[in-house]
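Chains as they are written, first to last, in my numbering: chain A, -15 to 93; chain B, -15 to 93.
Ideal Cβ positions, reconstructed from N, Cα and C, are used throughout, including at glycine.
Quick caveat: nothing in here was measured; it's all calculated off a predicted structure.
2 protein chains.
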Amino acid sequence: METSERVGRYVRMVALEGQGTELAGALLRVADDMAAQPGCLAYVVNATPDEPDVVWVTEMWSDAASSEAALSRDIGESGLGDVLALLTAPPDYIEVTPLGGPGLAGLPG
Amino acid sequence: METSERVGRYVRMVALEGQGTELAGALLRVADDMAAQPGCLAYVVNATPDEPDVVWVTEMWSDAASSEAALSRDIGESGLGDVLALLTAPPDYIEVTPLGGPGLAGLPG
């Protein structure tokens, strides 16, 4: 929808001690699933220098409805159940509104 | 270089009061320039819900050398001088290492 505002977020997750690599792997499997969801512009999994148990995900969606639809599915379907089992606490979110720039699919550079 | 590690960062900037839209506009002009720099995978400018003076940039680069080369140019060349003039304080950075997922150019989904 041309009139819907894009939504994005940076999601910070802390793994059980020593499980950062496993957490990143579980999130990369989720990313494979998210790539097929309507409106998913980005779901990039990031390690964190000097904090081996911290993983960030950069999400960008074409609109809020697409984001909600993809993330509110049964957690088994997306693989998010494996992710939740590796966390020490609920994720922290920074909500943003992607405006433009290179790397954002479907937007002018 | 296949063996070089990608680098990324989330950059948080706070505009002078009431200047958030101007700051985002200045950063979108920087983004046009960054799109032409070697190794730039993403330079996405984001507004922030409920914080009109806060702008985030999502950067992803193919390797640290490309990032340093693009960001260490004369600030007049990239347009970053216009950005710095609109800030209340130096930017805050969260450094990350992009691993994969949809939206990261050149990586498997």
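Val38(A) burial status per 10 Å Cβ neighbour count (16 or more: buried): In summary, Val38(A) is buried, with 16 or more beta-carbon neighbours lying within 10 Å of its beta-carbon over all protein chains present.
Euclidean distance between Cα positions of Gly4(B) and Val(-2)(B): In this structure, the straight-line span from the alpha carbon of Gly4(B) to that of Val(-2)(B) is close to 8 Å.
Terminal residues of the alpha helix (DSSP H) in which Asp58(B) lies: Per DSSP, Asp58(B) belongs to no alpha helix (DSSP H) and is neither H nor E.
CA-to-CA distance, Ser51(B) to Met(-15)(A), given in whole angstroms: With a pLDDT of 42 at Met(-15)(A), under the threshold of 50, the modelled position of that residue is not reliable, and no figure is offered here.
Residues bridged to Ala26(A) (per DSSP): Answer is Met44(A).
Same chain, Cβ closer than 6 Å to Asn30(A), neighbours up to 5 away in sequence not counted: Excluding positions up to five away in sequence, the list reads Trp40.
Contact set between Tyr77(A) and chain B, taken where Cβ atoms lie within less than 7 Å: For Tyr77(A), none of the residues of chain B pass the 7 Å Cβ criterion, the least Cβ distance being about 11 Å.
Pro82(A): contacting residues in chain E (beta-carbon distance under 7 Å): As a matter of chain content, chain E is missing from the structure shown, whose protein chains are A and B.
Under 8 Å (Cβ pairs) to chain A, residues found in the stretch 44 to 71 of chain B: So the close ones are Met44.
Under the three-state DSSP convention, the category Ala31(B) falls into: Here Ala31(B) sits in strand by DSSP.
Partners in chain A for Pro33(B), counting only beta-carbon separations shorter than 7 Å: Close partners of Pro33(B) in chain A (Cβ separation under 7 Å): Glu79 and Thr81.
Selection of the stretch 7 to 24 of chain B by Cβ proximity to chain A, strictly under 7 Å: Within the stretch 7 to 24 of chain B, those residues whose Cβ lies closer than 7 Å to any Cβ of chain A are, in chain order, Ala8, Leu12, Ala15, Asp16, Met18, Ala19 and Cys24.
Sequence-distant residues of the same chain with beta carbon closer than 8 Å to Leu68(A), five excluded per side: Cβ neighbours of Leu68(A) beyond the five flanking positions: Ile59.
Contact with chain A by Pro86(B), beta-carbon distance below 8 Å: Under the 8 Å criterion on CB atoms, Pro86(B) is classed as interfacial with respect to chain A.
DSSP beta-bridge partners of Asp76(B): Answer by DSSP bridge pairing, in chain order: Arg(-4)(B).
Residues that Thr42(B) contacts on chain A, provided the C-beta gap is smaller than 7 Å: Per Cβ cutoff of 7 Å: Thr42.
Partner residues on chain B for Gly(-8)(A), Cβ-Cβ distance less than 7 Å: By Cβ distance, chain B contributes Asn30.
Beta-ladder partner(s) of Val(-9)(A), from DSSP: Answer is Trp45(A), bridged to Val(-9)(A).
Alpha-carbon spacing of Leu70(B) relative to Gly65(A), whole angstroms: Near 43 Å, if we compare the C-alpha coordinates of Gly65(A) and Leu70(B).
Cβ-Cβ separation, Thr81(B) to Thr42(A) (assumed contact under 8 Å), whole Å: In fact, because the Cβ distance is near 12 Å, the residues do not count as touching under 8 Å.
Buried or exposed by the 16-neighbour rule on C-beta atoms within 10 Å, applied to Arg(-10)(A): By the 10 Å Cβ count, Arg(-10)(A) comes out buried.
Bridge partners - Leu7(B), DSSP secondary structure assignment: Paired residues: none, contrary to the question.
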